[in-house]
Each structure stands twice: as C-alpha cells, then as structure tokens.
Amino acid sequence: FFVPLDGAFNVSFVFGDRAVAAAEKSDLPKDLIETLKNARKYVEGRGFKIEVKGPADVENIKKLVEIKVNN
Numbered sequence: 001f002f003v004p005l006d007g008a009f010n011v012s013f014v015f016g017d018r019a020v021a022a023a024e025k026s027d028l029p030k031d032l033i034e035t036l037k038n039a040r041k042y043v044e045g046r047g048f049k050i051e052v053k054g055p056a057d058v059e060n061i062k063k064l065v066e067i068k069v070n071n
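Numbering (this note's numbering), first residue to last: 1 to 71.
The structure is reproduced here in structure tokens:
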C-alpha cells in the first residue's frame, strides 16, 4: 500500500518468514531490519510500514520489493 503524506509517502509490506530471513541477510539498514523483525506477526506475516522521504528510502523500497518477490 502507498499512503501519501506531506512531502513523503508511506509504503506498507507484509513479509512471511522466508522474506524476513532474507531481509536479515541483506544489506538493508539495521534500523529497517529491526523494524521488520519487531513488527507484529499475523497469520499472513509481519506487517510494517516505511516512510519514504528521499532517494535512499526509495532504494531500500526497491530492495524490499526484490526480497518480497523472491521469497
């Protein structure tokens, strides 16, 4: 999901166990991995959102999409 904000937007994901494990092994920023690991776990996976403010955040979103698609 994409949610527009003033000067930014939020992106929401749901990651299953395999995607979480892949994210932990990736080069994503440690704080982003902690957000994912600490997200509440539901039957369908861990739901979390990220505020996208600039190009570095967009690169992290691309990596998360790649992890999600491949896992």
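Glycine included, C-beta positions come from ideal geometry on N, C-alpha and C.
Please read all numbers here as calculations on a predicted model, not as lab measurements.
Counted within 10 angstroms of its Cβ, other Cβ atoms place residue i as buried (16 or more) or exposed
i               : result
leucine 5       : exposed
phenylalanine 2 : exposed
arginine 46     : buried
The alpha helix (DSSP H) enclosing residue i, as first and last residue numbers
i             : result
asparagine 71 : Neither: asparagine 71 is in no alpha helix (DSSP H) and is coded neither H nor E.
valine 43     : Valine 43 -> no alpha helix (DSSP H), and no H or E assigned at all.
aspartate 27  : Looking at the DSSP string, aspartate 27 is not in any alpha helix (DSSP H), and its letter there is neither H nor E.
Own chain partners of residue i with C-beta closer than 6 Å, once the 5 adjacent residues on each side are dropped
i             : result
isoleucine 67 : Ala19, Ala22 and Ala23
Contacts around residue i, its chain only, beta-carbon distance under 8 Å, and the 5 residues preceding and following it disregarded
i         : result
valine 52 : Ala8, Phe9, Asn10, Val11, Val58 and Ile61
For residue i, the first and last residue of its enclosing beta strand (DSSP E)
i               : result
phenylalanine 1 : Per DSSP, phenylalanine 1 belongs to no beta strand (DSSP E) and is neither H nor E.
7 Å Cβ shell around residue i - same chain, five flanking residues per side excluded
i            : result
leucine 28   : Asn60 and Lys63
threonine 35 : Phe48
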